[in-house]
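Colleague: Under our numbering, the letters of the sequence shown match residues 497 to 636, in that order.
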Amino acid sequence: GKKSNNSEELTELAAEEFVDQKRLQQIAGVTKGIAEFSGNAEDISSSLTEFLEALFDEYQINYIQPINADRGSLHNVQVSLNLPDNSVDSEQQPYVFPWVSRSLPFLTRLIIFLFTLAVLLGGGVIPFLLWAKSIKREYQ
Numbered sequence: 497g498k499k500s501n502n503s504e505e506l507t508e509l510a511a512e513e514f515v516d517q518k519r520l521q522q523i524a525g526v527t528k529g530i531a532e533f534s535g536n537a538e539d540i541s542s543s544l545t546e547f548l549e550a551l552f553d554e555y556q557i558n559y560i561q562p563i564n565a566d567r568g569s570l571h572n573v574q575v576s577l578n579l580p581d582n583s584v585d586s587e588q589q590p591y592v593f594p595w596v597s598r599s600l601p602f603l604t605r606l607i608i609f610l611f612t613l614a615v616l617l618g619g620g621v622i623p624f625l626l627w628a629k630s631i632k633r634e635y636q
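#1: Have a look at Leu-606 and Thr-612 and give me their C-alpha separation to the nearest angstrom.
#2: Does the segment 570-586 come within contact of the segment 521-530, defined as at least 3 CB pairs closer than 8 Å?
#3: What did DSSP end up calling Asp-539 once you bin it into helix, strand or coil?
#4: For Ile-608, count neighbouring Cβ atoms within 10 angstroms of its own Cβ and tell me buried if that reaches 16, exposed if not.
#5: In whole angstroms, what is the alpha-carbon distance linking Ala-628 and Leu-610?
#6: What's the call for Ile-523, buried or exposed, on a 16-neighbour Cβ count within 10 Å?
#7: How about Gln-589 and Val-615: do their beta carbons lie closer than 7 Å?
Spelled out as structure tokens, the structure:
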């Protein structure tokens, strides 16, 4: 029905948007590897199991984190495959971790910490101690 068409369209859109299928199929062909794309969870699970079995002791994947990169900043990533007789490079793609924000300056973090500590002491610990002291006086 219409729901499956929407699901198929979303799968195709996601594949076009987030996966360079052509380049990954080229890499898979050169390395005699696997290039599978599916929106079905069972197909994905099966392909992942097959991939992990093929990957074991066959490939080395390195990711080099940019040194002193500011959190939330824009970076480029490129996948390269280097074999003695062949080489394949993907197009560079920008990426950023949007859920990570910039680090606050030390003074700002200190102020927030001290304010939070004051609120906890003033709103929780001190009233509890005063209440405990009043109960002790009441029963002595």
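Just so it is clear, CB atoms sit at the ideal spot from N, CA and C, and this is done for glycine as well.
Modeller: On the basis of the coordinates in this document:
#1: 10 Å
#2: yes
#3: helix
#4: exposed
#5: 25 Å
#6: A buried status is given to Ile-523, since no fewer than 16 other beta-carbon atoms sit within 10 Å of its beta-carbon.
#7: no
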